[in-house]
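Accompanying notes for the structure given below.
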């Protein structure tokens, strides 16, 4: 099939030689038909690659993407001959097809090879040490992430944190080659650098300025959280914490210092007596499939369709290969009727319970826009794509729903502050983490970082935004590649905006569930973290009507339909966490805790 399609697309040039015989509408129709077939091939290759990235699959991928780049170039050259395009929808189709980098076949081949090499190294790394006189090896990110989340031993945390970064520093040269290749492709299509392409995908102007504004809106909240966390950590690790300085990154119980929920018992002692979702899942003998079934049930309760038979038959939810399988939770659209999947190395715990809800949100998005022309079978932008599942997860984490599932006792209905504090520790540090990563990468693409000081620049920006630091100097290492999204060259600004958008969408769903409308009502008030949308078909339907439009709908219109506002806003997030802000302020006042860092 692959060979026949490629022969048809690339060696039958009759269409391109006689394009005057076609009007623009018919050309776009033909392009969409071909694009759908290409997407099917691409999805199959990527699925194979994610589960067993053999040399034959890599070669197949290189061949396919070289020819796909040629296909895109021919169509874009053809469409460039149309001087006037009257229909906005046709103009948008051409814009989506032709934006982005432009690579020569040789550049495309090299970039695919190097990118696959980076991911292969990341997924196959093992970190070993001697335990009880025997060598114990941990499977890279997955194994070390568990140590980082659970351990409260400073030396063990430092070992896991440092070992992973030392090992992944080896790929610096390959990574920088991919940066140069991406910039070359960007330049060829009129962009100054690849950072411009990444920001363009958000489909709005002044992305960096808007990100800075949103960050400034919640910066004070983050600094309050940072101050209380540092104060509590100083009691736990007095020899390692400066009470007015940045926090050593390895002490935040996360491999990347972006999710601090592992600190909950240090920040709020005995909190697991009130809420321990992982323990409840294990006590109730949940399986990974059970968690997925509960996620499906929530979506169905608010009017979304059930997962397809193909989803249950083809998804991979536990590790199938010790070295080469993709363990990152991922949702996949196979572009075949009803064939939507997720993959990941999930375990029965709270984190993966939320990840499955998140990934199922992607699948619901795929299902919603399945009838759109192939060029529009995408999210409005990647932040919208990320936000749907996270908005639903906010609904899952209401005290009523946790009690309904038996994942919390009846006590949670009157002692729900612990839910909010856990949510704050899990979500708020992600915001400066995401922005700092993108600021560093944008500057790297621009050539505005001294090549001799790449790691120093990385830690400088994380110091400034997050108030964290490495325990020891890291000048001779390259720590960015300890993060999968850096290795895979996945833009991360989507997650920054999604952390605001998910709260906006959830508040919109809450209003629809209770009042039946999205329009703001001054008389409407409910503590947002207590808004139980389970069973509200109206709230799901209002979101689904936007999702069904795919990327044919503009950002402003989508925001208005979903939130009642035309702008990204921090208001819903701050409303949700208002009790946490008050708690942090009272702790700081009571203990005279310093805010900020040297």
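Residue numbers (mature numbering (1 follows the signal peptide of the UniProt record, and there is no 0)): -21 to -1, 1 to 577.
Glycine residues also receive a C-beta, built at the ideal position from the N, C-alpha and C atoms.
Exposure of residue i, with buried meaning 16 or more beta-carbon neighbours within 10 Å
i           : result
residue 283 : buried
residue 117 : buried
residue 164 : buried
residue 431 : exposed
residue 107 : exposed
residue 209 : buried
residue 556 : buried
residue 398 : buried
residue 34  : exposed
residue 378 : buried
residue 361 : buried
residue 110 : exposed
residue 563 : buried
residue 276 : exposed
residue 5   : exposed
residue 460 : buried
residue 473 : buried
residue 19  : buried
residue 285 : exposed
Three-state secondary structure (DSSP) of residue i
i           : result
residue 496 : coil
residue 44  : helix
residue 295 : strand
residue 359 : coil
residue 227 : strand
residue 588 : Nothing about residue 588 can be reported from this structure: the residues present for the chain run from -21 to 577 only.
residue 559 : helix
residue 576 : coil
residue 510 : coil
residue 255 : coil
residue 53  : helix
residue 569 : helix
residue 80  : coil
residue 332 : helix
residue 515 : coil
residue 353 : helix
residue 281 : coil
residue 379 : helix
residue 131 : coil
residue 234 : coil
residue 387 : coil
residue 239 : coil
residue 456 : coil
Spatially closest choice to residue i from the options, by CA coordinates
i           : options            : result
residue 438 : 498, 424, 422, 415 : 415
residue 607 : 161, 331, 297, 83  : No statement about residue 607 is possible, as the shown extent of the chain runs from -21 to 577 and does not include it.
residue 504 : 564, 490, 425, 424 : 490
residue 423 : 21, 138, 151       : 151
residue 16  : 528, 337, 314      : 314
residue 187 : 419, 544, 272      : 419
residue 274 : 72, 331, 113, 89   : 331
residue 197 : 550, 249, 357      : 550
residue 53  : 245, 20, 390, 10   : 10
residue 88  : 47, 55, 58         : 47
residue 448 : 148, 285, 281, 223 : 223
residue 289 : 346, 254, 270      : 346
residue 359 : 458, 539, 211      : 539
residue 403 : 560, 94, 363, 252  : 560
residue 271 : 310, 134, 125, 558 : 310
residue 95  : 292, 554, 29, 362  : 29
residue 477 : 32, 411, 435       : 411
residue 482 : 407, 445, 395      : 407
residue 92  : 157, 390, 442, 535 : 157
residue 337 : 363, 291, 71       : 363
residue 127 : 239, 217, 443      : 239
residue 365 : 575, 169, 181, 36  : 181
residue 179 : 78, 417, 292       : 78
Residues that DSSP places opposite residue i in a beta bridge
i           : result
residue 310 : 321
residue 107 : 116
residue 447 : 226
Practice prompt. Please confirm if the stretch 451 to 471 is in contact with the stretch 344 to 356, defined as three or more CB-CB distances below 8 Å between the two stretches.
Written response: Result no; under three Cβ-Cβ pairs closer than 8 Å.
Worksheet entry | the stretch 336 to 343 / the stretch 318 to 326 touching (three or more Cβ pairs under 8 Å) | yes
Discussion item. With a threshold of 8 Å, are at least 3 pairs of Cβ atoms found where one atom belongs to the stretch 372 to 390 and the other to the stretch 510 to 520?
Written reply: yes
Practice prompt. Inspect the CB distances between the stretch 522 to 535 and the stretch 443 to 456 and report whether three or more fall short of 8 Å.
Written response: no
Practice prompt. Answer yes if the stretch 27 to 42 comes into contact with the stretch 113 to 127, meaning at least three C-beta pairs across the two stretches below 8 Å, and no otherwise.
Written response: no
Discussion item. For the stretch 553 to 568 against the stretch 197 to 206, do three or more pairs of beta-carbon atoms, one drawn from each stretch, fall closer than 8 Å, so that the two count as touching?
Written reply: Pairwise C-beta distances place the stretch 553 to 568 in contact with the stretch 197 to 206, as three or more of them are shorter than 8 Å.
Worksheet item: Taking one C-beta from the stretch 384 to 397 and one from the stretch 248 to 267 each time, how about it: are there three or more such pairs within less than 8 Å?
Response: yes
Worksheet item: At a cut of 8 Å, does the stretch 221 to 238 reach the stretch 129 to 144 through at least three beta carbon pairs?
Response: yes
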